[in-house]
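The next block holds one structure in the form of structure tokens; read it before the comments.
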Amino acid sequence: MTKKQLLTYIYLRREIENQQERLSRYPAYESEIVDKMENIRKEMSVIRAAIDALKSPMEREVLRLRYCDGDACRHMPWREVALNIYGDDDERQMQAVYRLHGRALQNIREIEA
């Protein structure tokens, strides 16, 4: 799993939301839209499984917060990630989040290798 793949999760989630909206407006295209949504869900599932395979709960959490839990098509800002994990966003906690994120990316690549 690469950072680029992780970055796509939030956009895939948004695409599912858009497809659901299309389905409500254009029921005649149900089979086409449902097939697309299933493929997107599979892609999202692969990303979640890769995150879940990490041994460290802190590493899993930093990746989920940053790449999966943002609003609309916006990844969660690093300060919010630090606040969620450490309850503070001062420079020390920000650096700790960056280190945790780096280790998580390294470990997620090693799992898949």
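If you want my numbering, it's the position in the sequence shown, counting the first as 1, plus 281.
Note that CB positions come from ideal geometry on N, CA and C, so glycine has one too.
Predicted, not measured: the structure shown is a model, and the values here were computed from it.
DSSP places L381 in the uninterrupted alpha helix (DSSP H) bounded by 372-393. In the three-state reduction of the DSSP assignment, D352 falls in the strand class. Secondary structure of Y307 (DSSP, three-state): coil.
Cα atoms of A363 and G383: separation of roughly 14 Å, rounded to the nearest angstrom.
For P338, the secondary structure class from DSSP, reduced to helix, strand or coil, is helix.
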